[in-house]
Amino acid sequence: MAAPTGDSFGWAEQAWRWLSGAITSLGGLAVPLTAIVTLAVLLARRTTPATDPEPGNDDTDADTNSPS
Numbered sequence: 014m015a016a017p018t019g020d021s022f023g024w025a026e027q028a029w030r031w032l033s034g035a036i037t038s039l040g041g042l043a044v045p046l047t048a049i050v051t052l053a054v055l056l057a058r059r060t061t062p063a064t065d066p067e068p069g070n071d072d073t074d075a076d077t078n079s080p081s
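For the sequence shown, this note's numbering gives the first residue as 14, with consecutive numbering after it.
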């Protein structure tokens, strides 16, 4: 839609459309970028679950350090 020749604020409308388009594009990129960063942080902080010692193979010194 072309602005009339006497419209002195046509540049402001074009600037607003450009700015709103840029914000929309950046917002659309922020969502997947946040998901990728979150996934990378979770993978970096991932720890293996501790394995439970088998019953009877407890190698702690609890029995030998008890007072007699």
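We put the beta carbon where it would ideally sit given N, CA and C, even for glycine.
Three-state class that DSSP yields for residue i in the structure shown
i	result
S38	helix
S33	helix
T51	helix
R58	helix
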